[in-house]
Amino acid sequence: MIGRMGSDRVMKFLRGRNLFCCLPERHTSLLSCETGPGLLLMVVLLVACSPGSDVSRGDAANGGAAQELLSIERLAFVPAGSHSLRQVGIVAQGGDPLGGGGLLVDLFEVTRGHWIASGQPLPGQGWGEWGPEQANLPAVGMDRAEALSFARLEDMRLPTVAEWLWCASGSRGQPHPYGPRGMASAANTLEVGLGRSVAVGTFASGRTPGSLLADLEGNVWEWCLDQPPEGVALSGGGESELGCALGGSFLETTQTLHGEAGILARGLDPRHRAIDLGLRRVCAAGSWLLAHKDEFSDSRYEARVRGVGRRWGRPAVELLRGLEVEAQGSRGIRWLRAGAEQ
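Sequential numbering from 177 applies to the sequence shown in this note's numbering.
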């Protein structure tokens, strides 16, 4: 049906549903080509119906204890482990491989709605729009100090290069977050041609298997806590002595996480700001859950917390069983464990 819609009908459809504004003006040229209307409609619907919207609506609509609960709903569980990326001379590692603690990682890049809800000053000036309509877009324009400060608000931090690569490439050291082969529809990169960031989670096919982490490739670069080891090449260019970001952006072509050109990183001055530079937070799973267990132990939230546990799945069960004993019967930890065992 979409492929048979003419240009005028597509324009009327989009404007009638307030969707046409989702694309930059330069992409309206698609409407003048024979196959353009269907393609444009599909791209706009993909952006407008982003799965990231549920998370950001919570940012604006909830406060108090419900707001704290949403903190755990934003997080993915990544088991501890390591993998040597010999071709580029670095070990991807997350958590304590011996202790088995694992990491909690933002499912999505931190959004503008989340940043605003935190009360933090907006990063710099001129880094995109930050109104309610942009709440699901990644927060951008912060320097590394601002990114660190934001992460600490909820007892989290920026990932190390080794942690980020572990989350993205997994135990098999896959070259893309979503698998061994690049896919044109899996990430918001230069080839897609949108020319801007999109709502987090829009490219569902690009999620990492298991953890379901979104947008580790494309959309916006993500600040890291440290620098790659000396001698590791950066496919994104720049000098890495002071700081770096990983993952590429909508202004970069599709690249592998690691390969002959190095790792998918760009060396940056810590004071650097950009319209395609954001952040994703991590923390040690065990210590964070123990410190925040009371925030998700209210009986009103049982079903939602069990849902988080189901998403984390069997890899989190061993950790949660240990925490349940240590936390002396915390209801929130028990609900997480029960969900993970389902």
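Even glycine gets a Cβ: it sits at the ideal position worked out from N, Cα and C.
Count the other CB atoms, across all protein chains shown, that sit within 10 Å of the CB of residue i; report buried if there are 16 or more and exposed otherwise.
i	result
R357	exposed
Q504	exposed
L329	exposed
Q350	buried
V501	exposed
R510	buried
D319	buried
P255	buried
M218	Only weak support exists for where M218 lies, its pLDDT of 45 falling under 50; the coordinates are left without a value.
R457	buried
P385	exposed
D391	buried
E339	buried
G271	buried
G295	exposed
Using only the alpha-carbon positions, how far apart do residue i and residue j sit?
i	j	result
V337	V267	9 Å
V493	Q301	44 Å
L453	F426	10 Å
A236	G289	With a pLDDT of only 34 at A236, under 50, the local geometry of the prediction cannot be trusted, and no value is derived from it.
E249	V484	6 Å
G523	L279	What the structure shows of the chain is the stretch from 177 to 518, and residue 523 is not part of that stretch, so it cannot be assessed.
G394	V316	14 Å
G382	P308	26 Å
G419	L324	12 Å
A293	Q431	34 Å
G346	H259	8 Å
L389	W399	16 Å
W291	W306	10 Å
T211	T365	Only weak support is given to the placement of T211: the predicted model assigns it a pLDDT of 33, under 50, and the value that follows is read from those uncertain coordinates. Whole-angstrom Cα-Cα distance: 21 Å.
R348	L433	12 Å
Which residues bound the beta strand (DSSP E) around residue i?
i	result
V254	251-254
E398	397-399
V281	279-282
A421	420-422
G257	257-261
What span of residues does the alpha helix (DSSP H) with residue i cover, start to end?
i	result
G462	461-468
A268	Unbroken run through A268 is the beta strand (DSSP E), 266-270; no alpha helix (DSSP H).
L442	It is worth fixing the name first, because residue 442 is Arg in this sequence and not Leu. Element bounds for R442: not the alpha helix (DSSP H) but the beta strand (DSSP E), 441-443.
S294	288-294
W306	It is not in any alpha helix (DSSP H) - W306 carries neither H nor E in the DSSP assignment.
A323	320-328
Looking at residue i and the ligand GDP, is the gap between the Cβ and the nearest heavy atom below 7 Å?
i	result
S373	No copy of the ligand GDP occurs in the structure displayed, which carries no ligand at all.
Against chain B, with Cβ distances strictly below 8 Å, would residue i count as a contact?
i	result
A363	Absent from the structure is chain B; it holds one protein chain and no more.
### Query
Okay, do the stretch 431-449 and the stretch 476-487 touch, 3+ Cβ pairs below 8 Å being the bar?
no
### Query
Looking at C-beta atoms only, is the number of pairs between the stretch 449-466 and the stretch 358-371 that lie closer than 8 Å three or more?
no
### Query
Just checking, does the stretch 509-517 make contact with the stretch 483-493 on the three C-beta pairs under 8 Å criterion?
yes
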